[in-house]
Amino acid sequence: AQSVAQPEDQVNVAEGNPLTVKCTYSVSGNPYLFWYVQYPNRGLQFLLKYITGDNLVKGSYGFEAEFNKSQTSFHLKKPSALVSDSALYFCAVRDMPGNQFYFGTGTSLTVIP
Amino acid sequence: GAGVSQSPSNKVTEKGKDVELRCDPISGHTALYWYRQSLGQGLEFLIYFQGNSAPDKSGLPSDRFSAERTGGSVSTLTIQRTQQEDSAVYLCASSITAGGETQYFGPGTRLLVL
Numbered sequence: 035a036q037s038v039a040q041p042e043d044q045v046n047v048a049e050g051n052p053l054t055v056k057c058t059y060s061v062s063g064n065p066y067l068f069w070y071v072q073y074p075n076r077g078l079q080f081l082l083k084y085i086t087g088d089n090l091v092k093g094s095y096g097f098e099a100e101f102n103k104s105q106t107s108f109h110l111k112k113p114s115a116l117v118s119d120s121a122l123y124f125c126a127v128r129d130m131p132g133n134q135f136y137f138g139t140g141t142s143l144t145v146i147p
Numbered sequence: 002g003a004g005v006s007q008s009p010s011n012k013v014t015e016k017g018k019d020v021e022l023r024c025d026p027i028s029g030h031t032a033l034y035w036y037r038q039s040l041g042q043g044l045e046f047l048i049y050f051q052g053n054s055a056p057d058k059s060g061l062p063s064d065r066f067s068a069e070r071t072g073g074s075v076s077t078l079t080i081q082r083t084q085q086e087d088s089a090v091y092l093c094a095s096s097i098t099a100g101g102e103t104q105y106f107g108p109g110t111r112l113l114v115l
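Here the protein sequences line up with chains A and B, keeping their order. Going letter by letter, the first sequence gives residues 35 to 147 in this note's numbering. Going letter by letter, the second sequence gives residues 2 to 115 in this note's numbering.
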């Protein structure tokens, strides 16, 4: 069955430190992988996606993610966290050639000043 | 240009009543998705429209849920005989086409069934 797992409900990191938000997936075909961010009282915003090509994908606000096929992971990273990065982060996968997107349960990131 | 808009932003209803939630996608986007976000849960796929093709309804949780998309643009999600477990945030998203395209989300409709 297709699924996405975000093993950490909550991640805390000090401002200026590197951050990682984990995501693993399970699909039957070739995955299209996405990260979205949800700020309080706002809709989800696209951060980045992996479709094909280079395994390291760079996205908005200095975020990047690495597609690792052998580990079926797509972890979100940023070299230096900002307080303004505090938000809810969702990983999503589309199992091609299907139409559905499968979202994880979200990881709440808190960056401590 | 304008993003995805949803109305109402909040809806409080009594158990057993019907509700209609509206989504206005970005102009020119052919794909439209509805999701449900419950507290502590991820986004649950409900239904997907692509152009004039028959919608993918595989995510609708019961026959009380239905959706339509008129003229390939505005979509309405209808929940009949609402139950308390229907309380959630209902999100709409659109993308230029199906496939790996980025989805643009609306702000959601927060539904509370008393």
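Glycine included, each C-beta is placed from N, C-alpha and C at the ideal position. All of these numbers come straight from a predicted model, not from anything done at the bench.
{"query": "For A:ASP129, does the three-state DSSP call read helix, strand or coil?", "result": "strand"}
{"query": "Should B:LEU115 and B:LYS12 be called a contact, given that it needs their Cβ atoms to be closer than 8 angstroms?", "result": "no"}
{"query": "For a contact defined as C-beta to C-beta under 7 angstroms, what are the partners of B:THR103 on chain A?", "result": "PHE80, LYS83"}
{"query": "Nearest-angstrom Cα distance between A:CYS57 and A:PRO147?", "result": "25 angstroms"}
{"query": "Assuming A:ASP43 contacts A:THR141 under a Cβ cut-off of 8 angstroms, what Cβ separation, rounded to an integer in Å, is found between them?", "result": "7 angstroms"}
{"query": "Among A:LEU78, A:ASN75, A:ASP129, A:TYR70, which residue has its Cα nearest to the Cα of A:GLN55?", "result": "At residue 55 of chain A the sequence reads Val, which differs from the Gln that was named. Looking at the Cα atoms, A:TYR70 is the closest of the given residues."}
{"query": "For a cutoff of 8 angstroms on Cβ pairs, would you count A:ASN133 as touching chain B?", "result": "yes"}
{"query": "Against chain B, which members of the segment 93-114 of chain A pass a CB distance test of less than 9 angstroms?", "result": "none"}
{"query": "Would you say A:GLY140 reaches chain B, if we count a Cβ-Cβ gap shorter than 8 angstroms as a contact?", "result": "yes"}
{"query": "By DSSP's criteria, B:ARG70 is part of a beta bridge. Which residues make up the other side?", "result": "B:SER76"}
{"query": "Could you give the DSSP three-state label for B:ASP25: helix, strand or coil?", "result": "strand"}
{"query": "Anyone know if the C-beta pair for B:CYS93 and B:SER76 falls short of 8 angstroms?", "result": "yes"}
{"query": "Can you find the residues in the same chain that come closer than 6 angstroms, C-beta to C-beta, to A:PHE128, ignoring five residues on each side of it along the sequence?", "result": "Here residue 128 of chain A is Arg; the residue named in the question, Phe, does not match the sequence. Closer than 6 angstroms at the Cβ level, and outside the excluded window around A:ARG128, lie TYR66, PHE135."}
{"query": "Grouping DSSP H, G and I as helix and E and B as strand, with all else coil, what is A:VAL61?", "result": "coil"}
{"query": "DSSP has A:ILE85 in a bridge; who is on the other side?", "result": "None, per the DSSP bridge assignment."}
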